[in-house]
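What follows is a single structure, written as structure tokens, with notes after it.
Protein chains: 2
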Amino acid sequence: MSDQSATPARIFTAALIVIGDEILSGRTHDKNIAQVATWLQVQGIRLKEVRVVADEEPAIIEAVNALRARNDYLFTTGGIGPTHDDITVDAIAAALGVAVEVHPEARAILEDYYTTRGGLTEARLRMARVPAGADLIPNRFTGAPGIRWGNIFIMAGVPSITAGMLEALTGTLEGGAPLLSETIGCWVGESEVADLLRQTEKSHEGCQIGSYPFWREGRTGANFVVRSTDADRLAACCAALSLGLEATGRAAVPGGI
Amino acid sequence: MSDQSATPARIFTAALIVIGDEILSGRTHDKNIAQVATWLQVQGIRLKEVRVVADEEPAIIEAVNALRARNDYLFTTGGIGPTHDDITVDAIAAALGVAVEVHPEARAILEDYYTTRGGLTEARLRMARVPAGADLIPNRFTGAPGIRWGNIFIMAGVPSITAGMLEALTGTLEGGAPLLSETIGCWVGESEVADLLRQTEKSHEGCQIGSYPFWREGRTGANFVVRSTDADRLAACCAALSLGLEATGRAAVPGGI
Chain A
1 MSDQSATPAR IFTAALIVIG DEILSGRTHD KNIAQVATWL QVQGIRLKEV
51 RVVADEEPAI IEAVNALRAR NDYLFTTGGI GPTHDDITVD AIAAALGVAV
101 EVHPEARAIL EDYYTTRGGL TEARLRMARV PAGADLIPNR FTGAPGIRWG
151 NIFIMAGVPS ITAGMLEALT GTLEGGAPLL SETIGCWVGE SEVADLLRQT
201 EKSHEGCQIG SYPFWREGRT GANFVVRSTD ADRLAACCAA LSLGLEATGR
251 AAVPGGI
Chain B
1 MSDQSATPAR IFTAALIVIG DEILSGRTHD KNIAQVATWL QVQGIRLKEV
51 RVVADEEPAI IEAVNALRAR NDYLFTTGGI GPTHDDITVD AIAAALGVAV
101 EVHPEARAIL EDYYTTRGGL TEARLRMARV PAGADLIPNR FTGAPGIRWG
151 NIFIMAGVPS ITAGMLEALT GTLEGGAPLL SETIGCWVGE SEVADLLRQT
201 EKSHEGCQIG SYPFWREGRT GANFVVRSTD ADRLAACCAA LSLGLEATGR
251 AAVPGGI
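Chains A and B supply the protein sequences, listed in that same order.
Taken in order, the first sequence gives residues 1 to 257; the numbers are from the UniProt record's numbering.
Taken in order, the second sequence gives residues 1 to 257; the numbers are from the UniProt record's numbering.
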């Protein structure tokens, strides 16, 4: 579901499904959540939810159908390689109720890529399989393309390849006003300024304040991240917050600590 | 839903909800998924699904109610601090249909902790609020405890504090047979051995093989992770896979590359 905000700018939303037993077992530390989240910010699209699911068709189908319906865009990472545990394409096709077919352009890309690398085997040809009706997302690293089907973007799990696919998509998706953010740091325990944060957010419509505490060099501090799609509102909220922090006798550090 | 496997050992499952706008915006790179996943493996509990949701009550409620019903355990990280954006306790209480109350022991812990740190303010007292009927999870770092309610474990978002709460829970949860794993590396493109992987998995009941390709030093390789709850089956599957890899003229590297 994409919200209509009170301001004229429409908010575009996205969800991400990270597919892979290796993330759920703790063996591999996911890097795609942060990578996709950061990229979406720049596109002016808000990441609303992430799910990490196993290499199991029912789990993938459930997540795909839940998330594609209520977001403008759905991204997936993982499970599009040549081996038996790569079941993302089959699961998404099942979720969509369409057949799986070999995409002629993907086949041509793979034939070309593997000409000097031992030829296009049956296993490698798996990487040309797409849900019927799909388009391709270029992959300049390893040949095997990503897949676009409607509002679904099916990408590789290896972060460097995912990065290339995101780069290929940069600027091609309709997005709303980017969410702007400013960070203000302060050597203060967040609990000491909880009222200030709440009141500042409340009195600045269209702004959100997140509070991120830390302990460094034996001292307690926090970074306060102010977010808004409106630059003027953001600046006013940051100014008020800085004044409020300084009224407690501490320095407000622009850019954060 | 907890599966009953064909083997006598019951499989215990868990889900994790990571709560926080800062993860979805890409500002903070999540460390709790890998941390909780690794810890669960050691407890003999299988992580089935992770969701990352925003600091929004409806999103938290939906995820909590979906995941607590079909897993033996549900863990959450994030949103239990003293500031206005910390809404996890209220959202989970709403999901459970119970009131929020100040836990007397949590209050006492916080009073003690803040005695030498400026006293227990209204904001800090927020960290003693729990869904009615909850128990506490000790936090030896910063006083404010985690919360256990039924099969739900509500933990901090700061990874070092989460780690302390997990440590406090170690060995206290009923788990099944731990999932064992062995890694075999090989300097081979995974697509060249896709048939071998598929057939080896198929002929070794109770074993799963994951394939994780990489590119290093200008060469293509892969690590194959064989998983089973049965040590003998695991050993037999690894032996067969190693033989199969060596039959292609390459070395199978125990422990992975």
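A virtual CB, placed ideally from N, CA and C, is assigned to each residue, including glycine.
Quick caveat, the model's predicted, so the values are computed rather than measured.
As assigned by DSSP and simplified to three states, the class of residue i
| i | result |
| --- | --- |
| residue 151 of chain A | coil |
| residue 39 of chain B | helix |
| residue 202 of chain A | helix |
| residue 213 of chain B | strand |
| residue 1 of chain B | Its pLDDT being 40, under 50, residue 1 of chain B is placed unreliably in this model, and the value from its coordinates should be taken loosely. Here residue 1 of chain B sits in coil by DSSP. |
| residue 76 of chain A | strand |
| residue 183 of chain A | strand |
| residue 268 of chain B | In the structure as shown, chain B begins at 1 and stops at 257. Residue 268 of chain B is therefore absent and cannot be evaluated. |
| residue 139 of chain A | coil |
| residue 244 of chain A | helix |
| residue 176 of chain A | coil |
| residue 60 of chain A | helix |
| residue 83 of chain A | coil |
| residue 162 of chain B | helix |
| residue 233 of chain A | helix |
| residue 188 of chain A | coil |
| residue 11 of chain B | coil |
| residue 19 of chain A | strand |
| residue 33 of chain A | helix |
| residue 24 of chain A | helix |
| residue 222 of chain A | strand |
| residue 254 of chain B | strand |
| residue 6 of chain A | For residue 6 of chain A, the predicted model reports a pLDDT of 47, less than 50, meaning its position is unreliable; a value from the coordinates is still stated below. DSSP places residue 6 of chain A in coil when its eight states are reduced to three. |
Own chain residues within Cβ distance below 7 Å of residue i, not counting five before or after
| i | result |
| --- | --- |
| residue 164 of chain A | 139, 140, 141 |
| residue 124 of chain B | 82, 110, 114 |
| residue 175 of chain A | 12, 43, 44, 45 |
| residue 55 of chain A | 19, 20, 21, 79, 85, 87 |
| residue 244 of chain A | 196, 200 |
| residue 105 of chain A | 136 |
Close-in-space but distant-in-sequence residues of the same chain around residue i (CB under 8 Å, 5 per side omitted)
| i | result |
| --- | --- |
| residue 241 of chain A | 184, 196, 197, 200, 209, 224, 226, 252 |
| residue 180 of chain B | 227, 228, 229, 230, 231, 234 |
| residue 30 of chain A | 18, 23, 52 |
| residue 3 of chain A | Its pLDDT being 45, under 50, residue 3 of chain A is placed unreliably in this model, and the coordinates cannot settle the point. |
| residue 107 of chain B | 120, 125, 128 |
| residue 28 of chain A | 20, 22 |
| residue 265 of chain B | With chain B covering only 1 through 257, there is no way to say anything about residue 265 of chain B. |
| residue 246 of chain B | 252 |
Same chain, Cβ closer than 6 Å to residue i, neighbours up to 5 away in sequence not counted
| i | result |
| --- | --- |
| residue 83 of chain B | none |
| residue 135 of chain A | 148 |
| residue 120 of chain A | 110, 111, 114 |
| residue 173 of chain B | 43 |
| residue 214 of chain B | 221 |
| residue 7 of chain B | Because residue 7 of chain B carries a pLDDT of 48, less than 50, the predicted location of this residue cannot be relied on, and no value is offered for it. |
| residue 96 of chain A | 131 |
| residue 170 of chain A | none |
| residue 40 of chain A | 14, 47 |
Beta carbon of residue i nearer than 7 Å to that of residue j
| i | j | result |
| --- | --- | --- |
| residue 51 of chain A | residue 51 of chain B | yes |
| residue 79 of chain A | residue 86 of chain A | yes |
| residue 11 of chain B | residue 46 of chain B | yes |
| residue 190 of chain B | residue 222 of chain B | yes |
| residue 162 of chain B | residue 38 of chain B | no |
| residue 127 of chain A | residue 99 of chain A | no |
| residue 167 of chain A | residue 132 of chain A | no |
| residue 75 of chain A | residue 36 of chain A | yes |
| residue 34 of chain A | residue 26 of chain B | yes |
| residue 130 of chain B | residue 92 of chain B | no |
| residue 187 of chain A | residue 216 of chain A | no |
| residue 94 of chain B | residue 48 of chain B | no |
| residue 307 of chain A | residue 204 of chain A | Any property of residue 307 of chain A remains undetermined from this structure, which presents chain A solely from 1 to 257. |
| residue 152 of chain A | residue 68 of chain A | yes |
| residue 32 of chain B | residue 178 of chain B | no |
Proximity test, residue i beta-carbon vs the ligand SAM heavy atom, cut-off 6 Å
| i | result |
| --- | --- |
| residue 147 of chain A | Questions concerning the ligand SAM fall outside what the structure shown contains, since it holds no ligand whatsoever. |
For this session: Decide yes or no for the touch test of the stretch 18-26 of chain A against the stretch 49-67 of chain A: beta carbon pairs closer than 8 Å, at least 3 of them.
Result: yes
Problem set entry | In chain order, each beta strand (DSSP E) run of at least 3 residues that lies wholly inside the stretch 89-125 of chain A | Counting whole runs of 3 or more residues, the stretch 89-125 of chain A contains the beta strand (DSSP E) stretches 100-102.
Exercise. For the stretch 120-146 of chain A, which residues have a CB atom closer than 7 Å to at least one CB atom of chain D, in sequence order?
Worked result: The structure shown contains no chain D; the protein chains it does contain are A and B.
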